[in-house]
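Quick notes on the structure that follows.
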Amino acid sequence: MTTIERTILGIDPGLANTGWGVVAQRGPRLACVAYGCVSTSADMPLAHRLMKVQRQIGAVIARFEPSCAGVETVWFGQNVSAAFATGQARGAALVACAEHDLYVEEFSPNQIKLAVVGVGTADKAQVQYMVRQALSLSDAPRPDHAADALAAAICFATHEGFARAEGRFDHLVAQAEAREAAARDEAHGATRAKRAAGAHAAKETEEKVRA
Numbered sequence: 007m008t009t010i011e012r013t014i015l016g017i018d019p020g021l022a023n024t025g026w027g028v029v030a031q032r033g034p035r036l037a038c039v040a041y042g043c044v045s046t047s048a049d050m051p052l053a054h055r056l057m058k059v060q061r062q063i064g065a066v067i068a069r070f071e072p073s074c075a076g077v078e079t080v081w082f083g084q085n086v087s088a089a090f091a092t093g094q095a096r097g098a099a100l101v102a103c104a105e106h107d108l109y110v111e112e113f114s115p116n117q118i119k120l121a122v123v124g125v126g127t128a129d130k131a132q133v134q135y136m137v138r139q140a141l142s143l144s145d146a147p148r149p150d151h152a153a154d155a156l157a158a159a160i161c162f163a164t165h166e167g168f169a170r171a172e173g174r175f176d177h178l179v180a181q182a183e184a185r186e187a188a189a190r191d192e193a194h195g196a197t198r199a200k201r202a203a204g205a206h207a208a209k210e211t212e213e214k215v216r217a
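Take the position in the sequence shown, starting the count at 1, then add 6; the result is the number in the numbering used here.
Structural data, given as structure tokens:
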């Protein structure tokens, strides 16, 4: 059985603070690689804030080279303006993932809590404690946004999303193999046609010589 070995990026989107966390998975074992937060000031133009989120998440991806990402979805229990702002930051982060061709799974806050703590209504303290346990950290990750991002990465590693990711990659491999087989068949066909044309030309030459 093949051992799963992959680097996963977790993202907790927010316009003011977008948390990120990178987790290495080898089989059932998880390890924290790095974590942090992209912060933007309310004094900045909105477009510049979103650009900062996109660029810095892109820089994280370029540095740690994850192959997939778990992203927390917008919680609509927030007020409308806060949910809208979070959605914009989430979009900027997703663009960064797309630019680096990451496979992305999105999870609700309750899904993440359920995967990490076992209870979909867990509070932040419980999530932080279980993140520490899962990643064998001596201290709780700070700020909270980074801890939430690590939780999203853990959720990806333990959720059916990982199985879906494996299925997607298997499908891509199958497509690549099919293209290679088609290219080989085409090349063989071209070779056979060239040989047949050569044989035909040789036969015509021979007949002319006899004539």
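Where a beta carbon is used, it is the ideal one built from N, C-alpha and C, also for glycine. From a predicted model like this one, the values you see are computed outputs, not experimental measurements.
Check whether residue i and residue j have beta carbons under 9 Å apart
| i | j | result |
| --- | --- | --- |
| VAL155 | LYS130 | The question names Val, yet the displayed sequence has Ala at residue 155. No; because the gap between Cβ atoms is not below 9 Å, this pair is not in contact. |
| THR79 | VAL59 | no |
| PRO147 | ARG138 | yes |
| ILE118 | VAL133 | yes |
| GLN62 | THR24 | yes |
| GLN94 | LEU52 | yes |
| ALA75 | ILE17 | yes |
| ALA48 | ALA89 | no |
| VAL64 | HIS106 | It is Gly, not Val, that sits at residue 64 in the sequence shown. Yes, the Cβ-Cβ distance between GLY64 and HIS106 is below 9 Å. |
Exposure label - residue i; buried when at least 16 CB within 10 Å
| i | result |
| --- | --- |
| MET50 | exposed |
| TRP26 | buried |
| HIS151 | buried |
| THR127 | exposed |
| LEU178 | Reliability fails at LEU178, whose pLDDT of 48 lies under 50, so the model's placement of it is uncertain and no value is given. |
| GLY20 | buried |
| ALA98 | buried |
Enclosing alpha helix (DSSP H) for residue i [first to last residue]
| i | result |
| --- | --- |
| ASP150 | 150–164 |
| GLY20 | GLY20 -> no alpha helix (DSSP H), and no H or E assigned at all. |
| GLY76 | Unbroken run through GLY76 is the beta strand (DSSP E), 74–78; no alpha helix (DSSP H). |
| ALA143 | Reading off the sequence shown, one finds Leu at residue 143, where the question assumed Ala. Neither: LEU143 is in no alpha helix (DSSP H) and is coded neither H nor E. |
| LEU108 | Note, LEU108: premise wrong, no alpha helix (DSSP H); not H, not E. |
Among the options, nearest to residue i - alpha-carbon criterion
| i | options | result |
| --- | --- | --- |
| ARG35 | ARG12, CYS74 and ASP18 | ARG12 |
| VAL66 | PHE113, VAL29 and LEU21 | VAL29 |
| PRO72 | LEU15, GLN134 and GLY195 | LEU15 |
| ALA157 | ALA89, GLU112, PHE90 and HIS194 | GLU112 |
| CYS38 | GLN117, CYS161 and LEU141 | LEU141 |
| PHE162 | TYR135, ARG201, ALA188 and ALA121 | ALA121 |
| CYS103 | ASP145, ASN85, ALA22 and VAL77 | VAL77 |
| GLY33 | GLY42, THR164 and GLY97 | THR164 |
N- and C-terminal bounds of the beta strand (DSSP E) containing residue i
| i | result |
| --- | --- |
| GLY25 | 23–32 |
| LEU100 | Where LEU100 is concerned, there is no enclosing beta strand (DSSP E), although the alpha helix (DSSP H) it sits in stretches over 86–105. |
| ALA121 | Not the beta strand (DSSP E): ALA121 falls in the alpha helix (DSSP H), residues 115–122. |
| ALA40 | 35–45 |
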